[in-house]
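Visitor: For the sequence shown, position 237 matches number 237 in UniProt numbering, and the numbering has no gaps at all.
Backbone N, C-alpha and C fix where the C-beta goes; we use that ideal spot for every residue, glycine too.
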Amino acid sequence: MEPIFGNGSIFIGVLTFLIVGLLVSMFKILREYERGVIFLLGRFYRVKGPGLIIVIPIVQQMVRVDLRTVVMDVPTQDVISRDNVSVRVNAVIYFRVIDAQKAIINVEDYLQATSQLAQTTLRSVLGQHELDEMLANREMLNTDIQAILDTRTDGWGIKVSNVEIKHVDLNETMIRAIARQAEAERTRRAKVIHASGEMEASAKLVEAAEKLSAEPNAILLRYLQTLTEIAGEKNSTILFPLPMELLKGVLGQQDKKP
């Protein structure tokens with residue numbers, strides 16, 4: 001042991017190596033989208049970065065935080081709507097860290113916490129709406145979910161910028177029920193349109209009758225025009241009603257003859 005400790009060059013070499021290692025470990029490089037949360041003897045000190053920073057070994061510790069937007073898929077959730085329809089819904093959320101200090105100190109794992117909060121918020125918000133609103137008003141639902149998540153994650157230093165509902169899956173029974181409902185709705189619209197057409201046609205017929213009654217010879221001209229149109233058809237038998245007004249006119253002329 002004495003020769004080893006007596007060799008001063010070995011001791012100096014080891015000491016130099018340790019000093020160089022400590023100096024190298026002091027320098028950290030953070031990218032433009034990264035921040036370093038520095039703790040001094042376990043207590044929060046400051047947020048550093050980006051660029052070249054100095055972290056004193058042993059005394060200081062650094063936790064890296066990524067400030068880029070995170071795209072997170074919300075797993076498929078079983079939701080019961082307000083009208084008692086069971087659906088499976090999944091979504092995607094876009095968020096980023098805007099306060100690195102809060103994201104590290106106020107929550108243990110901000111990614112996991114945001115994911116769990118998004119799942120519960122998705123179920124609670126969609127459960128307050130009916131199925132038709134889920135299918136037709138997705139933009140409104142996206143805005144409501146985004147506002148709730150943004151408010152609740154503010155204490156974690158997280159900004160939720162957008163939420164998008166991707167799929168609303170229904171079971172086969174519900175799909176058939178919606179198909180029958182759509183068919184009934186189409187039938188109702190067809191009947192309403194047909195009734196509206198009949199009403200408009202009757203109004204036009206009344207107007208035409210008033211105009212024809214104002215001039216007795218007009219009905220005769222219309223009668224002859226209709227005969228001309230029928231004569232153009234290649235029909236073997238023609239059944240045509242004879243207006244009583246026309247008969248009255250012919251009989252009246254016969255009565256006037258001596």
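First and last residue of the alpha helix (DSSP H) that includes residue 144?
Guide: Where residue 144 is concerned, the enclosing alpha helix (DSSP H) stretches over 138-152.
Visitor: In terms of residue numbering, what span does the alpha helix (DSSP H) encompassing residue 21 cover?
Guide: That run of the alpha helix (DSSP H) goes 8-26.
Visitor: Tell me the start and end of each unbroken beta strand (DSSP E) in the UniProt domain "Band 7" (25-182) that is at least 3 residues and wholly inside, in chain order.
Guide: Here the runs fully enclosed are 27-30, 34-40, 43-48, 51-54, 60-66, 70-80, 86-97 and 158-169.
Visitor: Classify residue 59: buried if its beta carbon has 16 or more other beta carbons within 10 angstroms, exposed otherwise.
Guide: Residue 59 is exposed by the Cβ-count criterion.
Visitor: Rounding to the nearest angstrom, what Cα-Cα distance links residue 188 and residue 180 in this structure?
Guide: Answer to the nearest angstrom: the Cα atoms are 12 Å apart.
Visitor: Tell me whether the beta-carbon of residue 91 lies closer than 7 Å to the beta-carbon of residue 165.
Guide: Contact: yes.
Visitor: So, are the CB atoms of residue 98 and residue 163 less than 7 Å apart?
Guide: No, Cβ-Cβ distance for residue 98 and residue 163 is not below 7 Å.
Visitor: Please classify residue 146: is it buried, with 16 or more other beta-carbons within 10 angstroms of its beta-carbon, or exposed?
Guide: The residue is buried, with at least 16 neighbouring Cβ atoms inside 10 Å.
Visitor: Taking C-alpha atoms, which residue in 55, 140 and 9 lies nearest to residue 29?
Guide: Ranking 55, 140 and 9 by Cα distance to residue 29 puts 55 first.
Visitor: Go through its chain and collect everything with a Cβ distance to residue 96's Cβ below 8 Å, but skip five positions before and after it.
Guide: Closer than 8 Å at the Cβ level, and outside the excluded window around residue 96, lie 67, 68, 69, 70, 158, 159 and 161.
Visitor: DSSP three-state label for residue 215, please.
Guide: If DSSP states are grouped into helix, strand and coil, residue 215 belongs with coil.
Visitor: Between 154, 118, 155 and 36, which has its C-alpha nearest residue 142's C-alpha?
Guide: Closest by alpha carbon: 118.
Visitor: Which same chain residues end up closer than 6 Å to residue 218 when comparing Cβ atoms and leaving out the 5 residues on each side of it in sequence?
Guide: Excluding residues within five positions, the ones whose Cβ falls inside 6 Å are 212.
Visitor: How would you label residue 114, buried or exposed, when you count the other beta carbons within 10 angstroms and need 16 or more for buried?
Guide: Buried, since its Cβ has 16 or more Cβ neighbours within 10 Å.
Visitor: State yes or no: is the C-beta of residue 104 within less than 7 Å of the C-beta of residue 37?
Guide: Against a cut-off of 7 Å, the Cβ pair of residue 37 and residue 104 comes out as a contact.
Visitor: For residue 122, does the count of other Cβ atoms within 10 angstroms reach 16, so buried, or fall short, so exposed?
Guide: Buried: at least 16 other Cβ atoms inside 10 Å.
Visitor: Considering only the alpha carbon of each residue, which of 110, 151, 168 and 33 lies closest to residue 138?
Guide: Comparing Cα positions, the closest option is 168.
Visitor: Output needed for residue 130: all residues of its chain with C-beta closer than 7 Å, excluding positions within five of it in sequence on either side, in chain order.
Guide: Excluding positions up to five away in sequence, the list reads 81, 82 and 83.
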